[in-house]
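Chemist: A single structure is presented below for examination.
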Amino acid sequence: MRNYLCISFWLIGSVLAGAAQAESAKVVHVASQPHQAQVEVSDTQPGWNIPPQMLHAPHGDQGSFLDQRQILLDELAEAMTGLAPGAAPNAPMATALIDLARLHYRYGLAPEGLSFLDRLDRLDLPPAHRMQRDVLSLALGLIDPRDLPLSDHATRLLSSTYAPWPDQPVFLALAAIRDGDLTGAGQHLEAARDRLRNLPDGYRAIILPNMLEAAIQNEEWRVARDLADDFHHLPGLSQSAAFHFLLGRAAEAGNDLLAAFDSYTLASTSRDLWGHRARIGLVSMGLRNDLIDATQARDMLRQESLVWRGDDYALTVLEDLAALDHAIGDRVAAVSTYGAILDRFPDRPETELARQKARALIVAIYEEGAAGDLSLSEFLRAHRRIAPDFRFEPGFADQAEAFADRFLAVGSTLVAAREYETIHDHLAVARDLGLQEVEDTRLDSLRIKQAESLMAGGQYDAATLVLADPLISGTEALDDQRLQLLAQLYAETGQTEAVLETTKGEPSASFLRLRADAHFKRENWADAEKNYRMVWDKLGSEMAFEDAVNFLLASYRNGDRMQTIQLSQEFPELTELPQWAEIAESLTREPAQLLPLRQDNAQSRVDDAAQTLQNLESVSSGTN
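With mature numbering (1 follows the signal peptide of the UniProt record, and there is no 0) applied, the sequence shown corresponds to residues -19 to -1, 1 to 605, in that order.
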């Protein structure tokens, strides 16, 4: 890697100086312009006069910051002696507060300095103090990391009324940079350059990087060279990540990619904003010059999205990452990145666009998954990655339900049951929080689906818990489904008495079948025949063959000979059974004369009944 000094002198002596030659004809030092002489005269005009010592660095050794601060705090405490609580500051107190604000300005400590000036807002200051307050409010407000709006009395110093103020170009440039308008800052850079060296080192160290970036952005190479030279006069700044990054920007502008790479790499080790921008600079330069492919760029951006969060730069990283995900064809990764935008920047205007893009991709992915165009493993992986970020997004529950339906259809009952439960719980919470309007019927329907999935997978205990409580919607159709499932569950677990205790207003054929089967198992032949007959009335010839056999057996055992004969005629399939010939003969032949009752006649009827019962039981066991 090249030595830092080589890069620095290359910037100052090659790129900046070389580029400056093209503009040498138009550059005139500000001090030589007639307007500057006029400014110096105006500097003494009353009404707006700003003492130079307010902003300029003091001469001589002032002692340490802590010592100076303690002296000024002691002066403030003395000025406040005898002052009633809540009273407006007096003149000595105002002077001490301004001096404290100025001390913090010299070291670039904006929030602390502004906190002292805030105490002066309720005081009717004399013009000199008022102007000092306004100037310090402007200087500190423009470097305040909290990015709070400037006060009205600070903003007015940027107006044309104060154009003769020699230091105004510095703050006009800073104001434009603060607003993100680097191009607008360009017109003030030449004049600002000639005033910067009068300012304290602590303040200059904060504003120089942004000033140099604006000069590079506007290709003001002569100004950029002078500003870069100033970095060497400030302790630590010439070795900062900011300077390395800006050297990289200048080198990239001069198409010296190797020098740019070296500078970006030096800066990229820093964990501050300039280090972040250097890492992004490496990605951008690599893509623009085909030094890395989209997949490599995506991996680098993904890593950066984990370490840099919370500001506009972090949002830009996520937007670029989503674009690369989409370009590569990784739709699931793009959705996940959009989800990160929604999570980290919920109130930003860009978030709504990210939400729309994510929604379109989600619909496409889940439609393909539900239709079987995605393998089950792909669909499952996609859902598990997407769902955590979008559970509470309107409409996502529909996609998740389609996912569960797909897995239930292929027999993955556990996955389906868990998903139905998760959808139900998230919708219930979303309704409680006022995030979505959710009908009771939707929640009940999900409970029914969860129970169906559990029962299909043999999870009867879990299904019992789901079905134990009544549904909340009171909808008859859903209540019937719940009772149907309960009856089926009891039947599957051998709880015949519980099946018989379960009642429905308008029982379905399947529900009646469960009751008939329960009566049959309890050998309640009359009730079994009655319920099977109701099933037959509803289904007719579509009645299941095994039910027809049980119906036949229940009728026979109940002594309903005519019903037994009718069934044999309605279900010709019964005649195909090997045992049917003997069963039919015993059912249809006339009984022997009982009177006079002979031993052989009685014994024959007993034998016939026993044989018929045996045959029917063999038919029943063979069809169940």
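Beta carbons: idealized from backbone N, C-alpha and C, even for Gly.
Helix, strand or coil: which one does DSSP assign to W506?
Modeler: Correct three-state label for W506: helix.
Chemist: Where L576 and Q469 are concerned, what is the direct C-alpha to C-alpha distance, given to the nearest angstrom?
Modeler: Per-residue confidence for L576 stands at a pLDDT of 40, beneath the threshold of 50, marking its modelled position as unreliable; no derived number is given.
Chemist: Does the Cβ of I322 have 16 or more other Cβ atoms within 10 Å, making it buried, or fewer, making it exposed?
Modeler: Buried, since its Cβ has 16 or more Cβ neighbours within 10 Å.
Chemist: Using 10 angstroms around the beta-carbon of G270, count the other beta-carbons present and answer buried if the total reaches 16, otherwise exposed.
Modeler: In the sequence as presented, Gly is not what sits at residue 270; that position holds Asn. Exposed.
Chemist: Measure the C-alpha to C-alpha separation of P550 and K519 and round it to an integer number of angstroms.
Modeler: Note that residue 550 is Gln in the sequence shown, not Pro. When rounded, the distance between both Cα atoms is 18 angstroms.
Chemist: How about A173 and P150: are their beta carbons less than 8 angstroms apart?
Modeler: Contact: yes.
Chemist: If we ignore side chains and look at the alpha-carbon of each, how far apart do residue 632 and M35 end up?
Modeler: This structure gives no information on residue 632, because the portion of the chain shown stretches from -19 to 605.
Chemist: DSSP on F377, reduced to helix/strand/coil?
Modeler: Helix.
Chemist: Taking Y294 as part of the alpha helix (DSSP H), name the residues at either end of that continuous run.
Modeler: Note, Y294: alpha helix (DSSP H), 293 to 309.
Chemist: Let me make sure I understand the geometry here. Which of L129, Q544, W202, L287 has the alpha-carbon closest to that of R159?
Modeler: Among L129, Q544, W202, L287, the Cα nearest to that of R159 belongs to L129.
Chemist: Just tell me which of R230, A75, K338, R329 has its CA closest to the CA of Y319.
Modeler: Here the closest residue by C-alpha is K338.
Chemist: Secondary structure at E201, three-state DSSP: helix, strand or coil?
Modeler: Residue state, collapsed to three classes: coil.
Chemist: Under the three-state reduction of DSSP, which class applies to G262: helix, strand or coil?
Modeler: In the structure shown, G262 sits in a helix (DSSP, three-state: H, G or I).
Chemist: Using the three-state DSSP reduction, which class does A72 fall into: helix, strand or coil?
Modeler: The answer is helix: DSSP assigns A72 an H, G or I state.
Chemist: Would you say I154 and A186 are within 8 angstroms of each other, going by their C-beta atoms?
Modeler: The sequence given here places Ala at residue 154; Ile does not occur at that position. No, they are not a contact pair.
Chemist: Exposed or buried, which one is I404 when buried takes at least 16 other CB atoms within 10 Å?
Modeler: It counts as buried.
Chemist: Got a sec, what are the start and stop residues for the alpha helix (DSSP H) I404 sits in?
Modeler: Note, I404: alpha helix (DSSP H), 394 to 413.
Chemist: Would you mind sorting E554 into buried or exposed? The rule is 16 or more other CB atoms within 10 Å of its CB.
Modeler: Exposed is the call here.
Chemist: Does DSSP put Y319 in a helix, in a strand, or in coil?
Modeler: Helix at Y319.
Chemist: Cβ of A75 within 8 angstroms of Cβ of L98?
Modeler: No, the pair does not count as a contact, with Cβ atoms beyond the cut-off.
Chemist: Exposed or buried, what is G94 when buried is set at 16 or more other beta-carbons lying within 10 Å of its beta-carbon?
Modeler: Looking at its Cβ environment, which holds 16 or more other Cβ atoms inside 10 Å, G94 is buried.
Chemist: Just to confirm before moving on: does the CB-CB distance between Q440 and P375 stay below 8 angstroms?
Modeler: Not a contact, by the Cβ cut-off of 8 angstroms.
Chemist: Suppose contacts are defined by Cβ-Cβ distances below 8 angstroms. Is A222 in contact with A248 by that definition?
Modeler: Yes, the pair counts as a contact, with Cβ atoms nearer than the cut-off.
Chemist: Taking DSSP as the reference, what is the three-state secondary structure of W517?
Modeler: Note: W517 maps to helix in three-state DSSP.
Chemist: Note down, in chain order, each residue of its chain lying with its Cβ closer than 8 angstroms to the Cβ of L78, except the 5 sequence neighbours on either side.
Modeler: Here the set comprises L57, P70, F97, L98, R100, L101.
Chemist: Would you mind sorting H213 into buried or exposed? The rule is 16 or more other CB atoms within 10 Å of its CB.
Modeler: Looking at its Cβ environment, which holds fewer than 16 other Cβ atoms inside 10 Å, H213 is exposed.
Chemist: For T422, which three-state DSSP category applies?
Modeler: In the structure shown, T422 sits in a helix (DSSP, three-state: H, G or I).
Chemist: With a CB to CB cut of under 6 angstroms and the five nearest residues on each side skipped, what residues in its chain are close to M192?
Modeler: Answer for M192: L208, listed in chain order.
Chemist: Classify L123 as helix, strand or coil using the three-state DSSP reduction.
Modeler: Coil.
Chemist: For G256 and L227, what's the separation of their Cα atoms in angstroms?
Modeler: Each residue's alpha carbon lies about 11 angstroms from the other.
Chemist: Would DSSP call Y88 helix, strand or coil?
Modeler: Y88: coil per DSSP, three-state reduction.
Chemist: Check whether the Cβ atoms of A509 and A497 lie closer than 8 angstroms to each other.
Modeler: Yes, they are a contact pair.
Chemist: Using 8 angstroms for Cβ pairs, my map puts S489 next to D461. What's the rounded Cβ distance?
Modeler: Sure, about 7 angstroms apart at Cβ, within 8 angstroms.
Chemist: Pick helix, strand or coil for T164, following the three-state DSSP scheme.
Modeler: Helix.
Chemist: Tell me the DSSP secondary structure of N270 in three-state form.
Modeler: Coil at N270, not helix or strand.
Chemist: I'd like to know if the stretch 500 to 507 and the stretch 532 to 542 are in contact, where contact means that at least 3 CB-CB pairs between them fall below 8 angstroms.
Modeler: Yes, the stretch 500 to 507 touches the stretch 532 to 542.
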